[in-house]
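Remarks on the structure that follows.
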Amino acid sequence: MVTSQENSQSTSAGYRISVLLLLTLVYTFNFVDRQIIGNLSPFIKADLNLADWQLGILKGFAFALLYSVLGIPIAWFADRYNRVKIISISLAVWSGFTALSGLAGSFTALGLARLGVGIGEAGGSPPSHSIISDLYSKGQRTSALAVYSLGIPAGIMFSYFAAGLLVESFGWRGTFFLLGIPGVLLSFVVLLVIKEPQRGAMESREGKSAAQMQNTRDSILTLLSIRSWWGMCLGIAFTSFGSYAVSAWGVDYVTRHDPQYSFSRLMTILGLINGIAFGTGTYFGGLLAERWARKNVQAFALVPAITTAIGVPFFVASFWVPSIDVYLAFIAVYLLMAGCYLGPSFAIAQTLAPISARAMSTALFFLVLNLIGLGCGPTDVGILSGFLTEQFGETHALRLAMSSVGIAFMIAFSAYIYAAKNLPQDWASSEIRNERI
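In numbering that gives the first Met the number 0, the protein residues as written are 0 to 436.
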């Protein structure tokens, strides 16, 4: 029998770390290209004469629709074919469409470019999660996926820095172009450095080919029957509803609340907040859950539940303080807590899934997460803000719309608690199932 320890030893630690860091860099580019439209929003709104509901669609639904749906067929390919090539092609596609976004002269044209970015990014995380799970054992997987998830705060941070540095010299159009091209070049590096790993290498099992594993239909049905998987999936979806909303509309809120506030200063502060606070929460949330889970596997759900409960009051209160600096301080506390859900949630998506459906598990996770979080978060806030603008004015309308996001966090907390109650039984069942493969 081939053990996970033997498989781990057959691949050098240096190589595994290199692959993890490179995939994290790819994920960083993913979020740079995803976030940048929110940072450039005030300039795009003025240039293309867009309403809040149109901005909401561009930031949310236009990207999330194909990004979410196409993740399923791409994951099907990733569970069967070369995952490295899928990641490389996807990176080139989304980066290319990011560059093309700078050519858009209308709401429709920019929307089509965002659809293209979504198509490319759909092929990023499912195969990446699957590769990481084949390079790191179950005991290391949460920390590894937490490191990978650092691409989120890193990408958001660099997108803020880039907006602050580039927009004054190159405009919003040139900024899109300059951020898109490096990703195309990075896609070739991915092909050269990463080698396709053996599937299921980190599970103790007798050597069997992928064709002998549980078939796709049965794997998906098994996956969808796991109650704690659903709890974590809905928890991360509604938590992301809030984090995507503040990423999409935070810059607009500040520029409306205080038009004299320095844009470059705002970009620097938001970049640091996301890089340091959100990044710290992302890493230590995964580390805390992994260590606590050695005694109680419910930790994977309890860490996100507790940190969500702590962060929500700061999120809602931030939109009712008079000072922008106090707003930024409150958002920093919220982001510190918000980052803690990523590592544990993604680890559950991989660990509970049948080995033959790990990429599919991530894709289904992202389907629900992004339709609710990315698709509805920015879009719903934009629609509600637009609806309230005539009565309350642009600034207060956006404040009310953002405050309503607190409801999503309440749903997320309930979902995490549901997952925690079911996790011990589901965890034990997954270990038995994967040992049989």
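All C-beta atoms, glycine included, are put in the ideal place defined by N, C-alpha and C.
For clarity, every value in this text was computed on a predicted model and none was experimentally measured.
Hey, would you say residue i sits closer than 8 angstroms to residue j, going by beta carbons?
i: valine 31; j: phenylalanine 157; result: yes
i: glycine 230; j: leucine 149; result: no
i: serine 227; j: isoleucine 354; result: no
i: serine 224; j: alanine 356; result: no
i: glycine 123; j: leucine 90; result: yes
i: leucine 441; j: serine 239; result: Residue 441 lies beyond the residue range present for the chain, which begins at 0 and ends at 436; the question has no answer from this structure.
i: asparagine 273; j: tyrosine 159; result: yes
i: leucine 134; j: threonine 10; result: yes
i: arginine 140; j: glutamine 349; result: yes
i: leucine 65; j: alanine 121; result: yes
i: leucine 422; j: valine 253; result: no
i: serine 127; j: valine 192; result: no
i: tyrosine 340; j: isoleucine 235; result: yes
i: glycine 284; j: glycine 342; result: yes
i: aspartate 51; j: glycine 381; result: yes
i: alanine 247; j: glycine 37; result: yes
i: threonine 306; j: tyrosine 147; result: no
i: glycine 376; j: alanine 244; result: yes
i: leucine 397; j: arginine 255; result: yes
i: threonine 378; j: phenylalanine 60; result: yes
i: isoleucine 35; j: alanine 161; result: yes
i: glycine 280; j: methionine 336; result: yes
i: leucine 383; j: serine 403; result: yes
i: valine 189; j: serine 87; result: yes
i: leucine 220; j: valine 367; result: no
May I ask you to report which of helix, strand or coil DSSP gives residue i?
i: valine 192; result: helix
i: serine 261; result: coil
i: isoleucine 36; result: helix
i: aspartate 133; result: coil
i: leucine 363; result: helix
i: serine 11; result: coil
i: leucine 422; result: helix
i: glycine 123; result: coil
i: leucine 149; result: coil
i: isoleucine 48; result: Before going on, a small fix: residue 48 reads as asparagine here, not isoleucine. Asparagine 48: coil per DSSP, three-state reduction.
i: glutamine 197; result: coil
Should residue i be labelled buried (16 or more other beta-carbon atoms within 10 Å of its own) or exposed?
i: lysine 58; result: buried
i: threonine 361; result: buried
i: isoleucine 151; result: buried
i: glutamate 289; result: buried
i: serine 242; result: buried
i: lysine 207; result: With a pLDDT of 45 at lysine 207, under the threshold of 50, the predicted position of this residue should be treated as unreliable, though the coordinate-derived value follows. Looking at its Cβ environment, which holds fewer than 16 other Cβ atoms inside 10 Å, lysine 207 is exposed.
i: glutamate 205; result: Caution applies to glutamate 205, whose pLDDT of 41 falls short of 50 and renders its modelled position unreliable; the model cannot decide the point.
i: proline 321; result: exposed
i: valine 302; result: buried
i: proline 181; result: exposed
i: valine 92; result: buried
i: alanine 210; result: Per-residue confidence for alanine 210 stands at a pLDDT of 40, beneath the threshold of 50, marking its modelled position as unreliable; no derived number is given.
i: alanine 298; result: buried
i: aspartate 324; result: exposed
i: glutamine 8; result: Low local confidence applies: a pLDDT of 43 at glutamine 8 is under 50, so the model's placement there is unreliable, with the coordinate-based value given in what follows. Classification of glutamine 8: exposed, given that the 10 Å Cβ count is below 16.
i: alanine 45; result: exposed
i: alanine 427; result: exposed
i: leucine 184; result: exposed
i: serine 261; result: exposed
i: glutamine 53; result: buried
i: methionine 409; result: exposed
i: proline 258; result: exposed
i: arginine 293; result: exposed
i: isoleucine 431; result: exposed
i: proline 125; result: buried
i: isoleucine 16; result: exposed
Hey, is residue i close to the ligand GTP, as in C-beta under 7 angstroms from one of its heavy atoms?
i: glycine 241; result: Absence of the ligand GTP is noted for the structure shown, with no ligands found whatsoever.
Ranges of the alpha helix (DSSP H) found wholly within the region 291-359, counting only runs of at least 4: 298-317, 323-337 and 341-350
Alpha helix (DSSP H) runs wholly inside the region 51-119, at least 4 long, in chain order: 51-58, 60-68, 70-77 and 82-100
Start-end ranges of the alpha helix (DSSP H) lying completely within the region 221-258, minimum 4 residues: 226-256
Continuous alpha helix (DSSP H) assignments of at least 4 residues falling wholly in the region 369-410: 376-391 and 393-402
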